[in-house]
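Asker: Chains A and B supply the protein sequences, listed in that same order.
Offset between the first sequence (1-based) and this note's numbering: plus 679.
Offset between the second sequence (1-based) and this note's numbering: plus 207.
Where is the CB? At the ideal position from N, CA and C, for every residue including glycine.
Quick caveat, the model's predicted, so the values are computed rather than measured.
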Amino acid sequence: MVDAARHPKVDVRTYTEVERVEGFVGNFKVQLREKSRYVHEDRCNGCGECAEVCPIEVPNYFEMNLSPRKAAYVPMSQSVPLVYTIDMDACIHCYKCIEACGKLDAIDFSLEDRLVWEDVGAIVVATGFSHFDPSVIPEYGYGRYPNVVTAIEIERLINSAGPTAGNLIRPSDGINPTRMAIINCVGSRDKRFNPWCSNFCCMYGIKNAILMKQLNPEMDITIYYIDIRTPSKGYEGFYDRAREMGIRFMQGRPTLITEDPETRNLYVHSEDMTVGQVVEREYDMVMLNQAAVPQPDVDTVSSVLNISQSPGGWYMEYHPKLRPMDSPTDGIFLAGACQGVKDIPASVAQGSAAASRAGRVLHAAEWEIEPVVASVWEDRCISAQGKRCGVCARACPYGAIQYEEGKAPHIVVAKCHGCGGCVAECPQNAITQLHFTDAQILAQIRALLADRPEEKVLALRCHWCSYGGADMAGTSHFEYTANERGLRVMCSARMDTDFIYEAFRLGAGAVLYSGCHSQDCHYITGQRVGSTRADRLLRAFDRMDMTPGRFRIEWISAAEGDKYARVINEMQELLDSIPKEELLEEIERLRPQMEKRARRMREVPQVEEALEYADRLKMAMIGEEV
Amino acid sequence: MASHTSSETFTDQVRAAPGGEKITYCFSCGTCTATCPIQWIEENYNPRRIIKMVMLDMKEQVLSSPFIWLCSACDICYRRCPQDIRISDLMKAIREVAIQEGYEPVRIVAQVDERTCAGCGMCAQTCPYEAIELRIRWVNGQQRALPEVDRLLCHGCGTCAATCPSSAISIEDLSDELIVTQIREFAEVTGS
Chain A
680 MVDAARHPKV DVRTYTEVER VEGFVGNFKV QLREKSRYVH EDRCNGCGEC
730 AEVCPIEVPN YFEMNLSPRK AAYVPMSQSV PLVYTIDMDA CIHCYKCIEA
780 CGKLDAIDFS LEDRLVWEDV GAIVVATGFS HFDPSVIPEY GYGRYPNVVT
830 AIEIERLINS AGPTAGNLIR PSDGINPTRM AIINCVGSRD KRFNPWCSNF
880 CCMYGIKNAI LMKQLNPEMD ITIYYIDIRT PSKGYEGFYD RAREMGIRFM
930 QGRPTLITED PETRNLYVHS EDMTVGQVVE REYDMVMLNQ AAVPQPDVDT
980 VSSVLNISQS PGGWYMEYHP KLRPMDSPTD GIFLAGACQG VKDIPASVAQ
1030 GSAAASRAGR VLHAAEWEIE PVVASVWEDR CISAQGKRCG VCARACPYGA
1080 IQYEEGKAPH IVVAKCHGCG GCVAECPQNA ITQLHFTDAQ ILAQIRALLA
1130 DRPEEKVLAL RCHWCSYGGA DMAGTSHFEY TANERGLRVM CSARMDTDFI
1180 YEAFRLGAGA VLYSGCHSQD CHYITGQRVG STRADRLLRA FDRMDMTPGR
1230 FRIEWISAAE GDKYARVINE MQELLDSIPK EELLEEIERL RPQMEKRARR
1280 MREVPQVEEA LEYADRLKMA MIGEEV
Chain B
208 MASHTSSETF TDQVRAAPGG EKITYCFSCG TCTATCPIQW IEENYNPRRI
258 IKMVMLDMKE QVLSSPFIWL CSACDICYRR CPQDIRISDL MKAIREVAIQ
308 EGYEPVRIVA QVDERTCAGC GMCAQTCPYE AIELRIRWVN GQQRALPEVD
358 RLLCHGCGTC AATCPSSAIS IEDLSDELIV TQIREFAEVT GS
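(1) May I have the straight-line CA-CA distance separating A:Gly925 from A:Asp1241, to the nearest angstrom?
(2) When burial is assigned at 16 or more other CB atoms within 10 Å of the CB, is B:Met208 buried or exposed?
(3) Determine the contact status of A:Tyr918 and A:Ile907, defining contact as a CB-CB distance below 8 Å.
(4) Give the interface partners of A:Ile905 over in chain B, defined as CB-CB distance under 7 Å, in chain order.
(5) So B:Arg287 contacts chain A; which residues on that side make the cut at Cβ distance below 7 Å?
(6) Would you report the Cα separation of A:Val1020 and A:Arg1215, rounded to the nearest angstrom?
(7) Might you give, ordered along the chain, the residues of its own chain that have their beta carbon closer than 6 Å to the beta carbon of A:Arg927, omitting 5 neighbours on each side?
(8) Got a sec: which bits of the region 924-951 of chain A sit with their beta carbon under 9 Å from any beta carbon on chain B, in order along the chain?
(9) Taking the DSSP output, what are the residues bridged to A:Pro738?
(10) Starting from B:Gln246, find everything on chain A with Cβ-Cβ shorter than 8 Å and list it in chain order.
(11) Any idea what DSSP makes of B:Glu303, helix, strand or coil?
(12) Output, in chain order, the set of chain B residues within a Cβ distance shorter than 7 Å of A:Arg868.
(13) Give the secondary structure of B:Cys364 by DSSP, where H, G and I count as helix, E and B as strand, and everything else as coil.
(14) Within 10 angstroms of the Cβ of A:Lys708, are there 16 or more other Cβ atoms? Answer buried if so, exposed if not.
(15) A:Val681: beta carbon under 7 Å from a heavy atom of the ligand MG?
(16) Let me know if B:Phe234 comes out buried or exposed under the rule of 16 or more other beta-carbons within 10 Å of its beta-carbon.
(17) Expressed to the nearest angstrom, what Euclidean distance is found between the alpha-carbon atoms of A:Val691 and A:Arg685?
(18) Buried or exposed, going by whether 16 or more other CB atoms sit within 10 Å of the CB of A:Gln1081?
(19) For A:Gln1285, I'd like the list of residues in its chain whose CB is within less than 7 Å of its CB, leaving aside the five on either flank, ordered along the chain.
(20) Let's test the definition: count the other Cβ atoms within 10 Å of the Cβ of B:Glu379 and tell me whether it reaches 16, buried, or not, exposed.
(21) With a threshold of 6 Å on Cβ separation, who are the neighbours of B:Gly328 within its own chain once the five nearest residues in sequence on each side are excluded?
(22) Check for me: the beta strand (DSSP E) holding A:Arg1164 runs from which residue to which?
(23) Could you pull the start and end residues of the beta strand (DSSP E) that A:Gly916 belongs to?
(24) When you compare the CB positions of A:Asn1162 and A:Arg1279, do they come within less than 8 Å of one another, or not?
(25) Examine chain B for any beta-carbon lying closer than 8 Å to the beta-carbon of A:Arg908, and answer yes or no.
(26) Are the beta-carbon atoms belonging to A:Ile765 and A:Arg716 less than 8 Å from one another?
(27) I'd like to confirm the pairing. Which residues does DSSP put opposite A:Met966 in its beta bridges?
(28) Please tell me whether B:Thr231 has its Cβ less than 8 Å away from any Cβ of chain A.
(29) With DSSP as the reference, label B:Ala209 as helix, strand or coil.
(30) Is it buried or exposed for A:Glu1181, if we count other Cβ within 10 angstroms and need 16 for buried?
(31) Would the region 1143-1151 of chain A and the region 1045-1065 of chain A be scored as touching if the rule is three or more Cβ pairs under 8 Å?
(32) Should the region 1249-1257 of chain A be called in touch with the region 1187-1195 of chain A, which here means at least 3 C-beta pairs below 8 Å?
(33) Who are the neighbours of B:Arg255 on chain A, taking C-beta pairs under 8 Å?
(34) For B:Ser214, which of helix, strand or coil comes out of DSSP?
(35) Indicate the three-state DSSP secondary structure (helix, strand or coil) for A:Lys708 in the structure shown.
(36) At the 8 Å Cβ level, is A:Ala871 part of the contact set with chain B, yes or no?
Shown next, in the form of structure tokens:
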């Protein structure tokens, strides 16, 4: 940290918050709030005279509130920069610190927060994680029983730079504990609180047990666990070492901790699962290995940066396996536990990866993006004709569309990821997506349904998930009907109502509308745009009295090949169950309505031309007049 | 009656019964067993083990076990279960399968004496397990409302027996007379 602060090319801003982010990859403008320390950073030399004379003591957050600090403070002795801060919530304005500072004249109570704008090319988010508060689990008594402590409190109590200088004492009476219980999975793997495994607690509990055993080899330490997870290199050896040192491992999650009010000793009630017996053991102290949870301000940060969250509140990566350090927004990268709980080696690896990804941006004069971006036909846009609209801007998950009333929207191409949501949502068909134009897709639909359309299951698949699911079905040899006809678009958000109307107008037997599960969407909220539209379509077909199931919505991940095959086969079974004359009659009955709803489609530039071309091809293929 | 196909496992059967849906959530942490007040009295009662045995499809051993009838549905374990499983519901599902398969409840249940029952329905109102229902029946040419005890739901707690104003409902093998005799003898032994 000190090295980083000294580096000529590194500018460390501490006590600073990001307020706003504008722009796009390579060209971000970031507004920072440099909070006032009430100390001139260039004058303070970190001597600490101010803290010495300060009469106010408040709990020291860094020491888990186990010791006090002054209202004039540094968070810890290794702080970078070593500049004192006046805690205005605690300060009584006695001004003794100003006197103590003397000639340096570093303290200035009139200093205010400063708002500054900075130009940056890339952003790495490394905001870390927070700790679960175990006091919400009443049966463990944290907060009620003084000798039930958290892992971080133990961490400070056994640290030689900690409040007790490394002398492990228990809070109730200050004696050194000789019997210690460590409870794993406190608030993690627990559907009442946090369903995830907190990844590092097994190793972390073992580490603290080994440290305590080194402090006092006589100490009797028991680790209560559900499963011990030591998957990385060398970790199992660490677990072996703990057992060799005599640390006891007890399988079974404790249900209750009770306290002897006289001695303040604790009784841990659990089932020892290996023997299948309920046991109650007495300890001097209990350490709770609490869950890692997202920082409390994740929502603010993700809305400032326009990055999305995975379930639970961790920042969402672009791809969980291939691009875990990229956020879905170009130029913004993720490092460490803010993206998902991980231990130090994994955080360091991801941090280095994120830095090198950011380096690529900073060293590029030009930045390549996917060519599938949206573009606007201004002459078709009603907003350009002075009417209110803005549907496209609302559909965009990336904020890439700048909309102003009375003007055609401006698409910031560098921010556009090509989901196609705006294209499908535009009521005027005034936006198109390069390489996925209406004309191209409608021509494909025509070609796919050229021959005996009533027997076909047309499957609209999104590039990332359901297309991958279909691929998975193929590579896994999950058989499905040969009457399936697949069509790929980038996102379910691109699946225009016109496509489905046109498919049914052409007499498609069934149409599948498929994409990612909502939480897996590769375009932040693209799936939601698509899903809302699909539900609307479903209701419309319901009102038309279409046989239920001929239009079907399914969210299928790239791993769900079996589901893809099953869904397609079910749709085929449905078609088989309807007598052919009835099906043809229904198609004929609905055709005028489909025609009516899709009538504007033909006004879209290039569509007519593409359809003619598709028809010519069809004639060449099957020699039949359309 | 659940339909049985040859591929349906015991776990599937329990999952299909109402209350058994979440059985596969269990990762055997032992919290329920350590919590269970019945375990204090009957050391060999172990809900975790029963769940595990179901998931291992040890059908015969589970259904013939007296332990599946012991859960009193106090639901203390439900509040502490990290996997959000209501074990009392799960036990109910296992019992349901047991009844379907023709196993008899291995526990005492409430019995109604139709001769003295006035049909007031207080028993049905007080039953904490909703195991008693009033049914209109023809008895000796008379139409009467009589309580019917669901052997599957009744836990034999005796609340109904204590509530009944005409002592028409009692617990098998624990009749009022028996308890009164026990108290008398106890009083005589202690000599007061």
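Answerer: The answer reads as follows:
(1) Separation of A:Gly925 and A:Asp1241 (C-alpha to C-alpha, rounded to the nearest whole angstrom) is 48 Å.
(2) Any reading at B:Met208 needs caution, since the residue's pLDDT is 41, under 50, leaving its predicted position unreliable; the model's value is listed next. Looking at its Cβ environment, which holds fewer than 16 other Cβ atoms inside 10 Å, B:Met208 is exposed.
(3) yes
(4) When 7 Å is used as the limit between beta carbons, A:Ile905 is near these residues of chain B: Phe234 and Cys236, in chain order.
(5) Glu818 and Thr934
(6) 38 Å
(7) Thr901
(8) Gln930, Gly931, Arg932, Pro933, Thr934, Leu935, His948, Ser949, Glu950 and Asp951
(9) In the DSSP secondary-structure assignment, A:Pro738 is bridged to A:Pro747.
(10) Val957
(11) helix
(12) Pro289
(13) coil
(14) Counting every other CB atom within 10 Å of its CB across the protein chains shown gives A:Lys708 a total below 16, marking it as exposed.
(15) With respect to the ligand MG, the structure shown offers nothing to examine, as it has no ligands at all.
(16) exposed
(17) Answer to the nearest angstrom: the Cα atoms are 9 Å apart.
(18) exposed
(19) Thr1116 and Ala1118
(20) exposed
(21) Leu341
(22) Where A:Arg1164 is concerned, the enclosing beta strand (DSSP E) starts and stops at Glu1163 to Val1168.
(23) A:Gly916 -> not in any beta strand (DSSP E); alpha helix (DSSP H) instead, spanning Tyr914 to Glu923.
(24) no
(25) no
(26) yes
(27) A:Val828 and A:Ile861
(28) no
(29) Low local confidence applies: a pLDDT of 45 at B:Ala209 is under 50, so the model's placement there is unreliable, and no value is given.
(30) buried
(31) Touching, no.
(32) Segments in contact, yes.
(33) Neighbours of B:Arg255 on chain A, chain order: Glu950 and Met952.
(34) coil
(35) strand
(36) Reading off the sequence shown, one finds Arg at residue 871 of chain A, where the question assumed Ala. Closer than 8 Å to some Cβ of chain B, the Cβ of A:Arg871 qualifies, so yes.
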